[in-house]
Every structure is written in C-alpha cells, then in structure tokens.
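Structure, as structure tokens:
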Amino acid sequence: MILVDVERVAMSRPGRPLFADLSFTVSSGDRLGVVGLNGCGKSTLLAVLTGEVEPEAGVVRRGRDVRIAALAQRPELPAGRVLAAVEGHAEQAWEAAAVLDHLGMAALADADTGRLSGGQAKRVALARTLVADSDLLVLDEPTNHLDIDAIAWLEERLAAHRGGLVLVTHDRHLLDRVTTRVLELDRGKGYVHDGGYDVYLEGRAEREERAAAAESTRRILARKELAWLRRGAPARTRKPKARIEAATTIVESRAEPPARQGIPDLWFGTPRLGDKVVELHDVGYAHPGGPPLFEGVELLVDNRERLGLVGPNGAGKSTLLDLVAGRREPTTGTVVTGPTVRVGYYDQVGAALDPAQRVRDAVTGGHRQPDWQDAALLESFWFDTDAQWAPIGLLSGGERRRLQLLMVLAAKPNVLLLDEPTNDLDIDTLRVLEEFLDDWPGALVVVSHDRAFLERTVTDVVVMDGVARPGRRAGGYAAWETERRANRARGRATSAAPKPTPPPSSGRRAKAGTDQPAPGPRSPSTLRHLMKDADKEVVRLGKRRVALEQALAEKAGTADHTELTALGAELTEVLAALDAAEERWLALAEEAEDAAREGARHRR
Ligand SMILES: Nc1ncnc2c1ncn2[C@@H]1O[C@H](COP(=O)(O)OP(=O)(O)OP(=O)(O)O)[C@@H](O)[C@H]1O
Ligand SMILES: [Mg+2]
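Counted from 1, the sequence shown has number 402 at position 257 by this note's numbering; the numbering is strictly sequential.
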C-alpha cells in the first residue's frame with residue numbers, strides 16, 4: 146500500500162534552492178533512509194513529507210487514513226510527567242513504561258518534561274513516537290543521545306517494523322541494518338538507491354566515477370576541436386572564433402568539484418605535547434551527598450593516545466572526561482596534568498552560541514574583525530560565503546555542531562576530548578573527521594555510542610558500566626563488543642549484576658563544570674519546596690526564550706541591526722539563566738533522589 150507519494154517537490158531557503166523536482170514514494174514495508182550533507186534539507190524534506198509544511202512546488206499525496214508518527218530533530222514535549230507524555234500517545238499503556246526503560250529513561254518516568262536536558266527530552270520524544278499506533282514512522286536522528294544497548298534495541302525494533310519508515314540518521318550501523326532503500330540528497334537533486342547502505346555507497350561512487358569519466362571525455366573532445374580549429378583558423382576567420390571560444394571555455398572550465406574537500410592541514414600547527422599528558426591516580430567521583438559514580442580509577446593518557454570511553458547512559462563517562470580536562474576536581478585521588486597540555490573539549494552541548502551572531506564572528510569570538518584567514522578556515526570547514534554571513538540561529542542541527550567543532554579545533558589543542566561527537570554530523574563529515582583524527586598528532590579521548598566511529602578512531606577502550614571498576618582494555622571497541630557478546634551467551638551479562646540507578650542528568654552535569662559546595666542534608670520538604678521554586682523559574686525563562694526566538698526569526702530578514710543585536714543579547718542571557726536554573730533543578734532532584742535512596746537503605 147502506498148503511504149506517501151511525493152511528486153516533483155521543491156523547497157528553498159532565502160537566496161538558495163534546497164532541492165527541486167524531487168519524487169519518490171513510500172509504501173508499507175519500505176524502510177527509507179535519507180542521507181545528505183548537513184544543511185542539505187533533510188529535516189525540511191521530512192516536514193514536507195509529514196505535511197507540517199507545504200512544498201513550494203509539487204504535490205505530496207498521503208494515503209487516506211494513513212497515520213504518521215514523527216520524531217523531530219529537536220523535539221518539543223507536552224508539559225507534564227514523562228510517563229504521561231508517552232502513555233498519552235500509546236495504544237497500550239504498558240508499552241510506554243517498557244519503551245522508556247529500553248531507552249534508559251525509566252528513572253525519570255515521573256520527572257516533569259520541562260526539566261529534561263536536551264538529550265533526555267529527545268529520548269522521551271522517541272519513546273512517544275515509537276509507541277504511537279502508526280502506519281508511517283518518520284524519525285530525524287533518533288540515535289542521538291542513545292547508548293549502545295538502546296541503539297541495538299532500536300535497531301531491532303525498526304528492523305521488525307511492519308509499516309513504512311523514513312529515517313534520517315548519521316549512524317552507519319543503523320542505516321546498514323535497517324534500511325531497504327536510501328534517498329540521497331546531493332546538491333539539490335535526489336537519488337534513490339534500491340538497497341541498503343552498501344548499495345547507496347556503491348551507487349554514489351559509480352555516479353561520481355561516471356561524472357568524472359564523462360567530464361574527461363568531454364575535455365578530450367574539446368581539446369581536439371580546439372587544435373583543429375586553431376590550425377585551420379586563418380582561412381575561416383568568422384565562424385570559428387565563436388567555436389574556438391566555446392571549445393576554450395570547455396577546456397579551461399573545471400569539472401564541478403566534489404561537494405566537499407577534506408579538512409586541510411590548516412591546524413597542523415598543533416603545539417608539541419610532552420611525554421607527561423594526564424595521569425589519574427586512584428580517582429573517584431561522587432556528587433555532593435551522593436554515592437560514588439566510580440572509584441579507584443587508574444589511567445595514564447599517552448601523548449598519542451586513542452582512547453574510547455564506553456558504557457550506558459548515566460555511568461559517568463562525561464564526568465570522567467571532565468576530570469581529565471581539569472574541568473572538575475575528583476572527590477578522591479589525584480589528577481596530574483603535564484605542563485605542555487592544551488585541552489580542546491568538544492562537549493555534548495557545545496560552546497554556547499549566540500543565535501544572533503553571524504557565523505564569521507563566532508570564529509573570532511567576536512573580539513575582532515574576521516580576516517581572510519578566518520574566512521579560509523570557515524571555507525575549509527564547508528561554510529561558504531553565504532553561510533559565513535548567516536546568523537547562527539538559522540543553522541541546521543548539524544551545521545551548528547560543525548561550527549562548534551571548528552571552534553574547538555581552531556584553538557589548536559594537543560589533547561582533544563570529544564563527548565558524543567557524532568550526534569547530528571553527516572556521514573561525509575564523520576568520514577573526514579575520522580581521517581583527520583587518524584593523522585592528528587595529539588592525544589585523543591572519545592566518549593561515543595557510535596560503533597562505526599569508535600571502530601575507526603580508538604585503539605583502547607575504558608568500559609564504564611557502573612559495576613566494575615573502570616579500566617583500560619586493549620583492542621578497542623571491537624574487542625570489547627566480542628567479550629560482551631561472549632559474556633551474554635554465557636548468561637553472565639553485566640546487566641545481571643546490580644546496577645546503580647543511573648543519575649538523571651549525566652549529560653547536563655558535564656556542562657556545568659562547577660559544583661556547588663556540598664550542602665548539608667536537607668529535609669525532603671525543604672527539597673520539594675526548592676524544586677518547586679526552581680521549576681517555576683525554568684518555566685518562566687522557557688517562555689521568554691520561545692518569545693525571543695520567535696521575534697528573532699521574524700526579524701531575521703530585516704536589516705535592523707540594533708534590534709537584532711539587542712534581541713540576541715537578551716536571548717543569550719535567558720539561555721544562560723535557563724541553563725543555570727535547569728542545573729539547579731537537576732542538582733536538587735539528584736539530592737532528593739539520593740535522600741530517598743538513603744532513606745530506603747535505613748528502613749531496610
Ligand atoms: N527559518 C529558516 N530560514 C532560513 N534558512 C533556514 C531556516 N531554517 C533552516 N534554514 C536553512 O535551511 C537549510 C536546510 O535545513 P535542514 O534543517 O532541512 O537541513 P538538514 O539536511 O536537516 O541538516 P542537518 O543534517 O544538519 O540536520 C540549512 O542550511 C539551514 O541553515
Ligand atoms: Mg536535520
């Protein structure tokens with residue numbers, strides 16, 4: 146049964162087309178992957194598909210009574226409790242709790258949706274989409290912020306999905322396992338590949354080769370024509386001139402360059418890194434008043450380190466990375482950092498960006514006029530002239546993350562810490578990044594759930610499963626995965642061991658970097674009171690944020706600089722205040738949770 150038929154649709158953005166003349170259909174049983182560079186219009190296409198926006202040209206026909214469930218790249222949740230938000234959407238209520246559990250959100254089932262970090266909200270929204278009774282599932286980057294087990298579960302669930310599926314993802318394993326067709330968006334055109342990820346890669350390589358071959362034939366012919374014309378030119382002066390010009394143009398013109406070149410050696414000015422990098426001795430960390438997240442960690446980071454930190458959500462990976470970075474102090478043990486170390490930290494949230502600021506001003510930190518070198522840097526990171534002048538608020542999800550990555554690399558670190566670097570980045574960017582890291586001379590520590598990325602970038606892993614003491618295992622991701630499978634087969638899966646409840650805010654905490662001095666134990670009622678206050682503050686700031694973002698979007702086209710700047714400045718302040726209020730709420734929630742756990746232990 147045909148679920149959606151898209152015929153010759155077109156969409157554009159101010160000043161440039163995104164895609165045109167795009168046609169394809171999705172039937173029941175189809176699992177269509179959508180791939181293309183960041184900013185090429187994938188999310189826009191999904192919005193057209195679901196009917197959220199009307200195409201500028203062409204038609205979209207949806208089958209009668211076809212029910213669509215969609216997950217946005219940056220989803221919004223209804224107010225209220227997490228569980229209720231999911232149940233409200235579910236065909237069967239019991240499924241809601243089960244799916245939340247699979248996605249690592251069981252501990253927060255009773256939390257208020259307004260309090261969740263971006264990653265947590267995305268997981269809840271995914272649960273909500275999955276439990277809905279739908280004929281067509283439309284998912285935009287569903288694996289962001291999911292840990293390896295949750296991704297594996299999602300993979301199975303999607304592979305067994307009977308309706309139609311349209312999936313935008315940068316996760317190559319997921320694409321490989323799940324999709325039956327791939328729609329590739331490339332410079333405004335759509336190419337459908339009948340088959341999975343491998344068929345797409347083959348088809349694309351073939352197309353590129355064909356284009357290159359056609360181009361070289363064309364040039365050889367033109368060169369011959371030119372030689373012939375030049376030889377005979379004196380006798381036939383009039384007509385040949387135009388022909389000579391035409392042929393010259395062909396010979397001199399360059400074939401359309403590939404959509405992207407690799408990251409050039411621009412940053413091989415990496416400052417020398419001495420032998421002593423970072424050493425962790427008997428390190429432990431606990432949140433004020435809470436149980437230890439981990440203890441007794443011994444870790445020597447080498448100056449050509451390629452290390453991955455793996456484990457489920459909430460096990461403390463970001464916290465350990467913070468300790469390596471010196472962003473926070475261990476509660477026990479010592480962290481020694483070598484004198485030559487220059488840390489570059491690409492975290493889950495990314496540097497705070499001012500949505501009103503232009504991309505070109507962001508790279509200079511806004512402190513000076515961007516010069517040609519900044520422009521070259523941006524260009525090499527695929528921000529063309531148009532994009533350099535665009536306000537950050539208009540960037541797509543992946544473009545924003547790419548800008549943040551550029552800002553980290555541009556500071557020329559020699560120790561690079563990456564926390565879930567692959568989220569939202571497109572597959573081509575990931576490949577280039579992997580290649581870049583391969584040659585990069587510094588030390589690298591990566592937290593990631595992206596198997597393909599881990600396989601290609603790290604040689605050793607530290608496993609943080611919340612059970613065993615985190616320690617280095619040689620052999621990288623593949624070795625760990627094999628070991629895990631074997632364990633499971635023997636029925637000794639690590640999950641059989643008692644697992645500490647994952648703390649609700651691992652993602653957020655990483656960003657805070659500073660901890661409040663440990664308060665004395667507070668009574669449950671005081672805590673409830675404080676939480677309610679923090680809650681109100683978050684709601685108030687959230688509303689202000691929405692209003693400001695709307696105002697900015699409306700004004701974006703106008704040239705009223707002063708107003709834009711003022712709005713942007715206020716938004717920056719509101720976002721910072723909102724972050725702080727959320728942190729406060731999360732810290733209180735953790736304290737309350739710890740208190741409850743402590744209480745339960747005493748009662749036993
Ligand atoms: N309101 C807007 N006004 C102008 N341009 C916009 C607006 N919203 C998005 N864009 C631009 O449109 C382009 C396509 O955006 P879209 O979100 O569809 O890309 P995408 O393929 O989903 O990217 P990603 O892989 O990063 O998620 C981007 O370059 C973005 O900057
Ligand atoms: Mg998108």
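Even for Gly, the Cβ is constructed at its ideal location relative to N, Cα and C.
Cβ of residue i within 9 Å of Cβ of residue j?
i: R614; j: V606; result: no
i: L281; j: V311; result: yes
i: L720; j: A696; result: no
i: G434; j: E736; result: yes
i: H315; j: E300; result: no
i: L452; j: V603; result: yes
i: A235; j: A277; result: yes
i: L562; j: V590; result: yes
i: Q502; j: G511; result: yes
i: D571; j: L167; result: no
i: A297; j: A272; result: no
i: E286; j: N568; result: yes
i: V577; j: Y345; result: no
i: W534; j: R547; result: no
i: A722; j: L675; result: no
i: L291; j: N458; result: yes
i: G489; j: K557; result: yes
i: L693; j: L716; result: yes
i: V504; j: A532; result: yes
i: V480; j: V423; result: yes
i: E628; j: R596; result: no
i: S279; j: R212; result: yes
Leaving out five residues on either side along the sequence, give the residues of the same chain with a beta carbon under 7 Å from the beta carbon of residue i.
i: A270; result: L216, P220, L222
i: R729; result: A679
i: A304; result: R322, V323
i: P500; result: P536, I537, G538, L697, G713, L716
i: L575; result: H315, T567, F598
Would you please state the rounded distance, in angstroms, between the beta carbons of residue i and residue j? I believe it to be under 8 Å.
i: G309; j: V171; result: 5 Å
i: L454; j: V442; result: In fact, because the Cβ distance is near 11 Å, the residues do not count as touching under 8 Å.
i: A507; j: M552; result: 7 Å
i: L228; j: D255; result: 7 Å
i: L191; j: V283; result: 6 Å
i: S541; j: G184; result: 5 Å
i: V683; j: G259; result: 6 Å
i: D610; j: L466; result: With a Cβ gap of about 16 Å, D610 and L466 do not count as contacting.
i: G174; j: R307; result: 7 Å
i: R545; j: L498; result: 7 Å
i: G461; j: L438; result: 4 Å
Could you check if residue i belongs to the surroundings of ligand 1, using beta carbon to heavy atom distance under 8 Å?
i: Q218; result: yes
i: K334; result: no
i: K700; result: no
i: D569; result: yes
i: N183; result: yes
i: E286; result: yes
i: K750; result: As shown, the chain starts at 146 and ends at 749. That puts residue 750 outside it, with no answer to give.
i: R503; result: no
i: S168; result: no
Would you say residue i touches ligand 2, meaning its beta carbon is less than 8 Å from a heavy atom?
i: K267; result: no
i: V180; result: no
i: V313; result: yes
i: G429; result: no
i: G542; result: yes
Leaving out the 5 sequence neighbours to the left and right, which residues in its chain are closer than 6 Å to residue i when beta-carbon positions are compared?
i: I293; result: H594
i: P162; result: G333
i: G160; result: none
i: T274; result: A214, L216
i: N559; result: T415, P416, L418, R487, G587
i: Q218; result: S188, D285, E286, G542
i: A202; result: A155
i: V244; result: A272, L275, V276
By Cβ distance below 8 Å, which residues in the same chain neighbour residue i in space, the five residues on each side in sequence not counted?
i: G478; result: L425, H426, D427, V428, G429, G441, V442
i: L177; result: F169, V171, G309, L310, V311, L312, T324, T325, R326, V327, L328
i: V193; result: V151, V154, M156, E199, P200, V205
i: E579; result: F598, R601, T602
i: A251; result: A242, L245
i: L672; result: L733, E736, A737, A740
Quick one: does residue i have its CB under 9 Å from some CB of chain C?
i: A165; result: Among the chains in the structure shown there is no chain C, since it carries only a single protein chain.
Where in the segment 278–336 do unbroken runs of the beta strand (DSSP E), each at least 3 residues long, occur, reported from the N-terminal end onward? Counting whole runs of 3 or more residues, the segment 278–336 contains the beta strand (DSSP E) stretches 281–285, 309–313, 326–331.
Completely contained alpha helix (DSSP H) runs for the segment 583–619, where each covers 4 or more residues: Runs found: 596–602.
Can you give, in chain order, each stretch of the beta strand (DSSP E) that sits fully within the segment 475–526 and has at least 3 residues? Qualifying beta strand (DSSP E) stretches, in chain order: 477–482, 488–491.
What are the complete alpha helix (DSSP H) segments, minimum 4 residues, inside the segment 221–245? The qualifying runs are 227–232.
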